[in-house]
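Counting in the working numbering, the sequence shown runs from 199 upward without gaps. Glycine is no exception: its CB is placed at the ideal position from the N, C-alpha and C atoms. Take a look at the structure set out below.
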Amino acid sequence: MAQQSTETDWVSRFADEVIAEAERRAPGKPVVVASGLSPSGPIHLGNLREVMTPHLVADEVRRRGHACVHVLSWDDYDRYRKVPAGIDPSWEEHIGKPLTAVPAPPGSPYASWAEHFRAAMEESLAELGIEYHGISQTAQYTSGAYREQVLHAMKHRKDIDAVLDRYRTKDKATGKPKQQQKPVDAAELEAAEGSGAATEDDGSAGGAGYFPYKPYCTVCNKDFTKVIGYDDETTEMSYECVACGHSETVALREFDHGKLVWKVDWPMRWAYEGVIFEPSGVDHSSPGSSFVVGGQIVREVFGADQPIGPMYAFVGISGMAKMSSSKGGVPTPGDALKIMEAPLLRWLYARRKPNQSFKIAFDQEIQRLYDEWDKLAAKVADGTAQPADAAAYTRAIGTAAGELPRTPRPLPYRTLASVMDITAGHDEQTLRILTDLDPEHPVTSLDETRPRLDKAEHWITTQVPADQRTVVRAEPATELLATLDDQSRGALRLLLDGLDDHWSLDGLTTLVYGVPKVQAGLDPEAKPTPELKVAQRAFFALLYNLLVGRDTGPRLPTLLLAVGADRVRKLLAS
Numbered sequence: 199m200a201q202q203s204t205e206t207d208w209v210s211r212f213a214d215e216v217i218a219e220a221e222r223r224a225p226g227k228p229v230v231v232a233s234g235l236s237p238s239g240p241i242h243l244g245n246l247r248e249v250m251t252p253h254l255v256a257d258e259v260r261r262r263g264h265a266c267v268h269v270l271s272w273d274d275y276d277r278y279r280k281v282p283a284g285i286d287p288s289w290e291e292h293i294g295k296p297l298t299a300v301p302a303p304p305g306s307p308y309a310s311w312a313e314h315f316r317a318a319m320e321e322s323l324a325e326l327g328i329e330y331h332g333i334s335q336t337a338q339y340t341s342g343a344y345r346e347q348v349l350h351a352m353k354h355r356k357d358i359d360a361v362l363d364r365y366r367t368k369d370k371a372t373g374k375p376k377q378q379q380k381p382v383d384a385a386e387l388e389a390a391e392g393s394g395a396a397t398e399d400d401g402s403a404g405g406a407g408y409f410p411y412k413p414y415c416t417v418c419n420k421d422f423t424k425v426i427g428y429d430d431e432t433t434e435m436s437y438e439c440v441a442c443g444h445s446e447t448v449a450l451r452e453f454d455h456g457k458l459v460w461k462v463d464w465p466m467r468w469a470y471e472g473v474i475f476e477p478s479g480v481d482h483s484s485p486g487s488s489f490v491v492g493g494q495i496v497r498e499v500f501g502a503d504q505p506i507g508p509m510y511a512f513v514g515i516s517g518m519a520k521m522s523s524s525k526g527g528v529p530t531p532g533d534a535l536k537i538m539e540a541p542l543l544r545w546l547y548a549r550r551k552p553n554q555s556f557k558i559a560f561d562q563e564i565q566r567l568y569d570e571w572d573k574l575a576a577k578v579a580d581g582t583a584q585p586a587d588a589a590a591y592t593r594a595i596g597t598a599a600g601e602l603p604r605t606p607r608p609l610p611y612r613t614l615a616s617v618m619d620i621t622a623g624h625d626e627q628t629l630r631i632l633t634d635l636d637p638e639h640p641v642t643s644l645d646e647t648r649p650r651l652d653k654a655e656h657w658i659t660t661q662v663p664a665d666q667r668t669v670v671r672a673e674p675a676t677e678l679l680a681t682l683d684d685q686s687r688g689a690l691r692l693l694l695d696g697l698d699d700h701w702s703l704d705g706l707t708t709l710v711y712g713v714p715k716v717q718a719g720l721d722p723e724a725k726p727t728p729e730l731k732v733a734q735r736a737f738f739a740l741l742y743n744l745l746v747g748r749d750t751g752p753r754l755p756t757l758l759l760a761v762g763a764d765r766v767r768k769l770l771a772s
């Protein structure tokens, strides 16, 4: 893909910066971008921005011929914080354990809580075409991979404490440090769960001093522990567990059953991996938060540079302003991919700058979204799309490794949803209707319309309330038909007389809009007047009532095709 204008395309602009910075910091080495996800629960569509932002930049770097590694850290050595809604309360006994040591939710085939939620996200990332190098933080810590970094942090604990102290405020009454600054409201705090910063813990201790390391108790495997002493020369560390009362002294140079606190862990990883680019959520970017503090710790303690990267805004769902993985029922990428194709979901993230919030539609808005997507595809095909729009489209439909699978015959989503609604997914009826949409270019197999057809079916069956579903009358509405005036009867006759000659989507569109025009003595192609629009609306409402028993429904041409000519005649004959 040709390099896009850096003024209109945010991905290209960041790729410019990342390549230049990588050449300055680590010439000749692969560019490293990073993400972090905590499998503490369902990983939602807001968390996906944590991965999608660096993915798009990494992909642009690869398109330009540079080697690039996207490191995805699974923060599975984080503590289990609370039992979510819908889970047996007995899971409370696991609070404080590493996520990889907590049993998976009941019925899960996976070995641990972390593995259960990680697996679902990995499946979605594969469908989205996201290439990454996954790293389990449990594996890193317990294998001793970070041992030297842990010892270094403990040796420089006073330096770390001094950095943190710049952001602590003293309580006037006690003279002790107040709690570290939190995100601005509860919803944002909860949203931090999916990004590794669940508690923004900085390791502040009691009277024994500051220690940036938190051991998991070797007896109960929980982190309700307190370091009470440390010897820099021998690396002997003493700790006690508040949960079970166990206390012991261990040699930290041989002890791999704990982790650095988050505000030290994150910058340590930047230095360890050589990260050039990593975005951060708004919950990490306020004064005293982990990204800001981490930038000083990585320089002053670990002797490395902070990654460049934007703050990214929240992602909403339909009417929801913010998402929280702790509330339950918040849609995940897997949920979205059941109702929309992967390129469309990629496009939603690619077309908006990271600091711009946006919403993902699970309601009727998805039909308008698909219309917009199809119009963009047409503009790209004929060369009339704006450069930034064309760039977002190109990033959506594929990666440097190739294009993503797509629907061979992408019929309008709203049409497919209406057809699946009316036929209740009956393949033979569905194929008949889709074939009739455009008789000159008939659909010969439902496979031509997949996977979009399947996504539309899933949307109509899971997201549309039962009272909004379409149920075609089994018998004519005889009472309503008996009350019709001559004008209405004449309109129905004109429609029925024209069915055979107009039996296609375009033909029936012309017919249903044309009947009121003909009745008004106008040409069927005449532009509608305000009076004519009133007559059209009345005619449409009559048809809906006679066919489905209410004033509105799917687009009438689609509905007529779905019902079939014979049944239409049966229901409309007066």
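For the pair T633 and S488, the Cα-to-Cα distance works out to about 57 angstroms.
Taking one beta carbon from each stretch, the segment 501–519 and the segment 544–561 have 3 or more pairs nearer than 8 angstroms; the two touch.
Within the same chain, V361 come within 6 angstroms of Q494 by CB-CB distance, once the 5 residues on both sides are set aside. Short of 8 angstroms from the beta carbon of R748, and not among the five residues preceding or following it, lie these beta carbons of its own chain, in chain order: Y742. Judged by DSSP secondary structure, V361 falls within the alpha helix (DSSP H) whose first and last residues are 355–363. Assigned with DSSP and collapsed to three states, V448 falls in strand. The shortest C-alpha to C-alpha distance from I293 to any of G284, D276, Y308 is the one to D276.
For H268, the pairing in a beta bridge is given by DSSP as V231. With respect to K653, M466 sits apart: the two C-beta atoms are not nearer than 7 angstroms. Check the Cα spacing between P477 and each of N245, G751, T727: the tightest is with N245. In terms of CA proximity to V716, L692 leads the group T727, F738, L692. When the Cα atoms are used, Y344 and Y568 turn out to be separated by approximately 47 angstroms. Taking the Cα positions, R316 is about 6 angstroms away from P237. The count of Cβ pairs closer than 8 angstroms, one atom from the segment 222–231 and one from the segment 265–283, reaches three, so the stretches are in contact. Between A302 and Y308, the C-beta gap is smaller than 7 angstroms, which places the two residues in contact.
The Cβ atoms of L744 and L770 lie closer than 7 angstroms to each other. Collapsing the DSSP output to three states places Y414 in coil. When C-alpha distances from L270 are compared across Q504, V425, F453, G234, the shortest belongs to G234.
Shown here for E320: same chain residues with a beta carbon closer than 8 angstroms to its own, the five before and five after excluded, namely G332 in chain order. When the Cα atoms are used, E313 and R279 turn out to be separated by approximately 16 angstroms. Cβ contact annotation for S334 (same chain, cutoff 7 angstroms, sequence separation greater than five): W272, D274, in chain order. Sequence-distant partners of V473 (beyond 5 residues in either direction) whose C-beta falls short of 8 angstroms from its own C-beta, in its chain, are V230, V231, A232, V269, R467, P505. When rounded, the separation of the alpha-carbon atoms in A760 and F212 is 49 angstroms.
Closest in alpha carbon position to S310, among T605, I328, I595, T336, is T336. Assignment of M618 by DSSP, reduced to helix, strand and coil, places it in the helix class.
Nearest neighbour of R260 by Cα position, chosen from R247, V281, S210, turns out to be S210. The Cβ-Cβ distance between V480 and L243 does not fall below 7 angstroms. According to the DSSP secondary-structure assignment, T597 is paired through a beta bridge with G600.
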